[in-house]
Amino acid sequence: MFDTKNIKGYYKLNCIDKTVFDSFLKRFYEAWEYPEEHKPVSVKVQKEFIRVDLNDGSWLHVKPNGEWY
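Last residue of the sequence shown: number 62 in the numbering used here, and the count goes up by one each step with no gaps.
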């Protein structure tokens, strides 16, 4: 797994959002055979979700329960 300190915006998350993001990150990395191809580069809280930008140019909605789409 990648170190969260290298993800832009991680330290701006509050404790609850960090917990949600960390839970998402663990499950996200387990879903990929080669997770480095889909590495998160930044994270930011939006109104109803956490936005995660990936190194391939795409981004994900992470819901409060840790699910993503």
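All C-beta atoms, glycine included, are put in the ideal place defined by N, C-alpha and C.
Self-check item: Boundaries (first-last residue) of the beta strand (DSSP E) holding residue 0
Solution: Run containing residue 0: none; DSSP gives neither H nor E here.
Quiz item: Can you name the start and end residues of the beta strand (DSSP E) that residue 37 belongs to?
Solution: Looking at the DSSP string, the run of the beta strand (DSSP E) that includes residue 37 is 33 to 38.
Quiz item: Buried or exposed: residue 3, going by 16 or more other Cβ atoms within 10 Å of its Cβ?
Solution: Under the 10 Å beta carbon count, residue 3 is surrounded by 16 or more other beta carbons and is classified as buried.
Exercise. Sort out for me which residues DSSP pairs residue 44 with in a bridge.
Key: DSSP output for residue 44 lists 37, 54 as bridge partner(s).
Exercise. Spatial neighbours of residue 96 within its chain, please: CB distance less than 6 Å, with the 5 preceding and 5 following residues excluded, ordered by chain position.
Key: Given that the chain is displayed from residue -6 to residue 62, the structure contains no residue 96 and the question cannot be resolved.
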